[in-house]
Every structure is written in structure tokens, then in C-alpha cells.
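First up is the structure itself, then whatever we jot down about it.
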Amino acid sequence: MGVPVAWVVCGVALLSTSMTRWFRRGPGSRFAGLELADNIRSGVLSPSWGVWVAAGVYALVGLGGGFIATAAVTRPAVLVVRASMATVCLMGFWLLGRVIPPSNWSSGPTIATFVFASAVALSAVQLVNIVRK
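Sequence positions in the sequence shown follow our numbering and run 4 to 136.
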């Protein structure tokens, strides 16, 4: 599988988090990603971490679109930006795991964590290939 195709797969996986459940139990556990974010934004759910989850879900959808849109771009600046975003997001999910235990995660955060780990690895491969040329 080529690297651009892998970026498209990562982007599609991030977009899919908007349609999957995020939590196994507790407030918002019956909602999918965008539905959860909309209910938090409208005030139906108001957990202390709600604003961050809503913003995170919307950001993941945007990042997924960005990964797809820039899949074929191999300029070093774009690669560094994608690697930086993926690293920051991976650290964000590590922090989320400190607040909401991964045992309560459903498929949304799990998919996103694997995507960002893959994105960091893809960025490293592409940057090493550029340096070797």
C-alpha cells in the first residue's frame, strides 16, 4: 500500500469516529461522535469534560478531511505539520486516558488513537525518504 493511500485510510478512519460511539457507559454513552458533540454543545449533556469532547470530535472530523486533502502532498513543510498535529493529538488522547479510563472508551477514541499513532509513523517514513533523496 502506498503512503498516499495510507493517509487517505487514516483520514477516512478519523471521519468514521464521527459516527461511532465514544463511551461505553455514563453520560453520552448512547450517542455517536457528532451526535454526542451536538448534545453537549446544545446543553443537553453538561459533564465537566463536555466542551473538550465536543471540540475534539469536531476537530477530528476536520483533521480527517485534512489528511485526505493532503494525502498526495509530499512537501517537507506539509509533512512536518501533519506529524506535529498527529503527535499533539496522540498526546491529547494520552491525557484523555488519564481523565476518562480507556476501559470506558468505545470505538471512537480507540480508532483515533490508532490513526494518530499511524500518522506519526507515516510522517517519519516520508521524512526519512525525503532526507535520503
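Note that the Cβ used here is the ideal one computed from N, Cα and C, for glycine as well.
Note that the structure is predicted; figures quoted are calculated from it, not measured.
Membership of F119 in the alpha helix (DSSP H) is indicated by the continuous run S110 to R135. Counting the other Cβ atoms within 10 Å of the Cβ of I133 gives fewer than 16, which makes it exposed. For the alpha helix (DSSP H) assignment, the uninterrupted runs of no fewer than 4 residues enclosed by the segment 36-93 are, from N- to C-terminal side, 36-45 and 53-72.
By the Cβ test, the segment 88-97 is not in contact with the segment 31-39, since fewer than three Cβ pairs between them sit closer than 8 Å. For a cut-off of 8 Å, the C-beta gap from L125 to A9 is around 6 Å, short enough to register as a contact. Of the candidates T113, F117, A127 and M22, the residue whose Cα lies closest to the Cα of V64 is M22.
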